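Participant: Read top to bottom, the protein sequences are chains R and F.
Residue numbers for the first sequence, in this note's numbering: 161 to 672.
Residue numbers for the second sequence, in this note's numbering: 47 to 274.
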Amino acid sequence: MAAGSWLQTEPAVTSAGAKRKIAQRLFAILRREAKRAGRPFSLAGRIIASVIVCQLVLTAALTTVAVLYARRELGRGFDAALNGWAANTLAAVRYTDTNVPELLFDPSLIPPSSNARHPDLFEIRKSNGELLARSAGPLPVELKQGSTFANFVLNGIPYRAIVLRQVPVLDREENISVPARVTVIYAASRVGLNERLVQLGVSVAGVGLLLLLIVSAVAAWGVRRGLEPLLELAGQAGAISVLNWEFRPPAEASMARELAPLASAIETVLDRLHKSFRQQRDFTSDAAHELKTSVAIVKSTLQSLLQRPRPEHEYRAGLESLLEDCGRLEDLLGRMLRLARIEQWAENGLNRKLGITEVTSTCEAAISRMQSLAGARNIQIELIAPQEVHLQADPEDLEVIWVNLLENALQYSPPGSKVAIHVECNGGGTACVSVQDSGPGIPEEHLPHVFQRFYRGDPSRSRSTGGFGLGLAICEAMVTAYGGQVQAANRDGQGTEIRVQLPIKRYELSSV
Amino acid sequence: MRVLVVEDEKRLAENVARALRESAGYAVDIAGDGEEGLYLAESSNYDLMVLDLMLPKLDGQSLLTQYRKKGHATPVLVLTARDEKENVVRLLNEGADDYVSKPFDLGEFLARAKALVRRGKGQRSPVLSVADLQLNTIERTVKRGQKEIALVPMEYRVLEYLAHRPRAVISKSELLEHLYDYNWEKFSNVIEVYISGLRRKIDSNYAVKLIHTVRGHGYVLRPERERT
Numbered sequence: 161m162a163a164g165s166w167l168q169t170e171p172a173v174t175s176a177g178a179k180r181k182i183a184q185r186l187f188a189i190l191r192r193e194a195k196r197a198g199r200p201f202s203l204a205g206r207i208i209a210s211v212i213v214c215q216l217v218l219t220a221a222l223t224t225v226a227v228l229y230a231r232r233e234l235g236r237g238f239d240a241a242l243n244g245w246a247a248n249t250l251a252a253v254r255y256t257d258t259n260v261p262e263l264l265f266d267p268s269l270i271p272p273s274s275n276a277r278h279p280d281l282f283e284i285r286k287s288n289g290e291l292l293a294r295s296a297g298p299l300p301v302e303l304k305q306g307s308t309f310a311n312f313v314l315n316g317i318p319y320r321a322i323v324l325r326q327v328p329v330l331d332r333e334e335n336i337s338v339p340a341r342v343t344v345i346y347a348a349s350r351v352g353l354n355e356r357l358v359q360l361g362v363s364v365a366g367v368g369l370l371l372l373l374i375v376s377a378v379a380a381w382g383v384r385r386g387l388e389p390l391l392e393l394a395g396q397a398g399a400i401s402v403l404n405w406e407f408r409p410p411a412e413a414s415m416a417r418e419l420a421p422l423a424s425a426i427e428t429v430l431d432r433l434h435k436s437f438r439q440q441r442d443f444t445s446d447a448a449h450e451l452k453t454s455v456a457i458v459k460s461t462l463q464s465l466l467q468r469p470r471p472e473h474e475y476r477a478g479l480e481s482l483l484e485d486c487g488r489l490e491d492l493l494g495r496m497l498r499l500a501r502i503e504q505w506a507e508n509g510l511n512r513k514l515g516i517t518e519v520t521s522t523c524e525a526a527i528s529r530m531q532s533l534a535g536a537r538n539i540q541i542e543l544i545a546p547q548e549v550h551l552q553a554d555p556e557d558l559e560v561i562w563v564n565l566l567e568n569a570l571q572y573s574p575p576g577s578k579v580a581i582h583v584e585c586n587g588g589g590t591a592c593v594s595v596q597d598s599g600p601g602i603p604e605e606h607l608p609h610v611f612q613r614f615y616r617g618d619p620s621r622s623r624s625t626g627g628f629g630l631g632l633a634i635c636e637a638m639v640t641a642y643g644g645q646v647q648a649a650n651r652d653g654q655g656t657e658i659r660v661q662l663p664i665k666r667y668e669l670s671s672v
Numbered sequence: 047m048r049v050l051v052v053e054d055e056k057r058l059a060e061n062v063a064r065a066l067r068e069s070a071g072y073a074v075d076i077a078g079d080g081e082e083g084l085y086l087a088e089s090s091n092y093d094l095m096v097l098d099l100m101l102p103k104l105d106g107q108s109l110l111t112q113y114r115k116k117g118h119a120t121p122v123l124v125l126t127a128r129d130e131k132e133n134v135v136r137l138l139n140e141g142a143d144d145y146v147s148k149p150f151d152l153g154e155f156l157a158r159a160k161a162l163v164r165r166g167k168g169q170r171s172p173v174l175s176v177a178d179l180q181l182n183t184i185e186r187t188v189k190r191g192q193k194e195i196a197l198v199p200m201e202y203r204v205l206e207y208l209a210h211r212p213r214a215v216i217s218k219s220e221l222l223e224h225l226y227d228y229n230w231e232k233f234s235n236v237i238e239v240y241i242s243g244l245r246r247k248i249d250s251n252y253a254v255k256l257i258h259t260v261r262g263h264g265y266v267l268r269p270e271r272e273r274t
């Protein structure tokens, strides 16, 4: 057998295998832990666990390598020692003093056994194969031709044997011209060697485990310390409320490369939330303002009627104007409710079955509804629809959009002018409807705000003409609910164009 | 007294104007937007301005700021739907004298309007008295001694204006300006007619005359012993 065969049936390897099994089990636990959705887990715990696992693997590898290396080196030394012991045994073979010298084995010259408990074994044969001497019993070893070493087990004790073939017996050289040759087999127990290997393995592994304890403690402390900015960040974020929108990420958190994106994400989200919160509050306050004004009109009319006895025609006129004011109030409430409902759709997704609607027909319906207002202001509404455009929508929803756009256009167009509504299919992907008026246009600074609720950049554009500043907001909410876009632009001194683009293909209702 | 109402909500403006005319006997001008309001306020002398905040063209706040910057002292009563504290504080600090929040009570509005007019003339009591003449601006009644005197509305308004600033000489043109809104043709002899009517009802039976003509200047309300 070659020296490489030492690598097999190795006791230290089994201990490393056990460690690998422990590591595998740890990984399995970690994986299971990660899979348990909904179960709270500790980030620090995970980090510390992975540190421990790494350290365990490292210790196991280190122990294995050390044991293997030591085993190879010690094995070589053992082989050299075997060789020496065999040579010493050979030295116990001598020639007799007779004229024809014979070979003689002198047992008193045998070197002491390498292991007291498991005595060494040997066997010496002459060149013709005749046994010259041997230890207690026959060696249970069969030596193949050409191999020098062999392993065997005797009574459960591992042995290693060396064979020195046809070595000359060099005693008393002067008398002998051709020295006799003998074959020496010498075997020694490997118990001592294995014990030393186990000792080495245990001490390396022991030091490794000690280091593991220290490293784990340091890792636990370090991770807790490292996660402190995260806790601080959480504390800051937790302090945010309706009353306090101020978010100051702790300096340590913004400096940490891993936390900076989190901190800035929180800031962005808060900013957006704050903005929408403010918008909501503004809407409530604007709505309250509008309602208060309407109620103020009704109340003042009633009180003024009651201030003194009046002729019947004054009461009648007062009641008529009250009825008119109530209608206005009703209109305002209706618009506010509609806006709220559209936004609710957009939020929850419009869970209605939508059929295919032809856009031009809804425009025609809207025009016929606005005809009386247009007639009163002597404005002509022109519909330009070169082709039919179909899209998936509720026809009433589309009509709401066009009615509000037309109402807006009619309000700002001078009497006798024209309002045009164009329907186009834009490259197959979107339906594009634009409403153009010939009014004074919208000042550039107000353009980005015209879709805001109750927005009155120039109040004379709305209240005096009967609007509340809700029509365009309703349009925008509806268009957004359908996943489209609406834009307002001035047409070079020829009035305003409001352009609605709606997706034709089946769409997901986007949330606002 | 003449009041300017700057309010774009036509119906509300009319109701306010009617209340001021009927219950206070004031002349009322209405402006439908901020620019018109500022123009009217600067071109005539008003005894009170009633100002809405949400106005077309020029908002009420800016109107007020510009008006006060030019040194006008007319009291301003603001109508506001936004009665949050900071809003009210800002308004008062901009030079408003008082405010009512919508929807307001017409009676309260009138009371505040009258109080502001009074204060604007340096009066505190709603009952103005000169010698034994008593003018109740709330009930719009006039007494001399214990005797109630019945006046036609225009006579009462002339007397009320004079009584708010007793002992001050008030010209015919000032009376014209403060007693009529801009829809009226103004003829100064109309004033003479009312003054003579007042003299007949208030002074003719009493030794102490109260209404006097300062030739070339106007009229004055003050107690004066009868010349012997």
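For every residue, glycine included, the Cβ atom is placed at its ideal position computed from N, Cα and C.
In this text the structure is predicted, and so the values were computed from the model without any measurement.
1. Since F/L221 contacts F/V204 with CB under 8 Å, what's their CB separation in whole angstroms?
2. Thinking just about the alpha-carbon of each residue, which of R/I658, R/G644, R/A379, R/G398 is nearest to the one in R/R206?
3. Looking at C-alpha atoms only, which residue of R/L565, R/I400, R/G631, R/G587 is the closest neighbour of R/R659?
4. So, using beta-carbon positions, are F/V163 and F/Y145 closer together than 8 Å?
5. Which whole-angstrom value is the C-beta distance of F/V74 and F/A63, which I expect to be below 8 Å?
6. Name, please, each residue of chain R whose Cβ falls closer than 7 Å to the Cβ of F/E55.
7. Could you name the residues of the same chain whose beta carbon sits closer than 7 Å to that of F/T259, not counting the 5 residues immediately before and after it, in chain order?
8. For the candidate residues F/V173, F/D79, F/V236, whose alpha-carbon lies nearest to that of F/D105?
9. If we ignore side chains and look at the alpha-carbon of each, how far apart do F/D143 and F/E154 end up?
10. With distances taken from CA atoms, which of R/N586, R/G655, R/V519 is nearest R/N568?
11. Less than 8 Å between C-beta atoms, sequence neighbours within five positions excluded: which residues of the same chain meet that for R/A183?
12. With DSSP as the reference, label F/D75 as helix, strand or coil.
13. Under the rule that 16 or more other beta-carbon atoms within 10 Å means buried, what is R/P272, buried or exposed?
14. How is the alpha helix (DSSP H) around R/N568 delimited, first residue to last?
15. For the beta strand (DSSP E) containing R/F238, list its first residue and its last residue.
16. Is it buried or exposed, R/P409, if we count other Cβ atoms within 10 angstroms and call 16 or more buried?
17. Please work out which residues of its chain come closer than 6 Å, Cβ to Cβ, to R/L186, disregarding the five sequence neighbours upstream and downstream, and give them in chain order.
18. Taking the beta carbon of R/V338 as the centre, do at least 16 other beta carbons fall within 10 Å, making it buried, or is it exposed?
19. Can you grab the Cα-Cα spacing for the pair F/Q112 / R/A420, in whole Å?
20. In angstroms, rounded to a whole number, what distance separates the CA positions of R/S460 and F/I216?
21. Would you kindly work out how many angstroms separate the C-alpha atoms of F/N61 and R/W405, rounded to a whole number?
22. Can you tell me which of the three DSSP states R/D280 falls into?
23. Might you give, ordered along the chain, the residues of its own chain that have their beta carbon closer than 7 Å to the beta carbon of R/E548, omitting 5 neighbours on each side?
24. For R/E673, which of helix, strand or coil comes out of DSSP?
25. When you check each C-beta in the stretch 396-428 of chain R against every C-beta of chain F, which residues fall closer than 9 Å?
26. If you drop the 5 nearest sequence neighbours on each side, which residues of the same chain put their C-beta closer than 8 Å to that of F/K247?
27. Any beta carbon from chain F within less than 8 Å of R/T461's own beta carbon?
28. Can you tell me whether F/G264 is helix, strand or coil according to DSSP?
29. In three-state DSSP terms, what is F/K107?
30. Just checking: is the beta-carbon of R/D652 within a distance shorter than 8 Å of some beta-carbon in chain F?
31. Would a check of beta-carbon distances place R/S671 closer than 8 Å to chain F?
32. Can you give me the start and stop residues for the alpha helix (DSSP H) that F/E140 sits inside?
33. Counting along the chain, where does the alpha helix (DSSP H) carrying R/T428 start and finish?
34. At the 8 Å Cβ level, is R/H606 part of the contact set with chain F, yes or no?
35. Measuring alpha carbon to alpha carbon, tell me which residue in R/L291, R/A296, R/P267, R/K286 is nearest R/D280.
36. Can you give me the C-alpha to C-alpha distance between R/A178 and R/R277, rounded to a whole angstrom?
Facilitator: Reading off the structure:
1. 6 Å
2. R/A379
3. R/L565
4. no
5. 4 Å
6. T453, I457
7. Y265
8. F/D79
9. 15 Å
10. R/G655
11. V213, L216, V217, A220
12. strand
13. exposed
14. 555-572
15. Segment 203-251 is the alpha helix (DSSP H) holding R/F238; no beta strand (DSSP E) there.
16. buried
17. V213
18. exposed
19. 49 Å
20. 35 Å
21. 44 Å
22. coil
23. E518, T520
24. Given a span of 161 to 672 for chain R in the structure shown, any question on residue 673 of chain R remains unanswerable.
25. none
26. I195, A196, L197, E201
27. yes
28. strand
29. The residue asked about is misnamed: residue 107 of chain F is Gln in this sequence, not Lys. Helix.
30. no
31. Because R/S671 carries a pLDDT of 37, less than 50, the predicted location of this residue cannot be relied on, and the following value inherits that uncertainty. Closer than 8 Å: no.
32. 131-140
33. 420-466
34. no
35. R/A296
36. 31 Å
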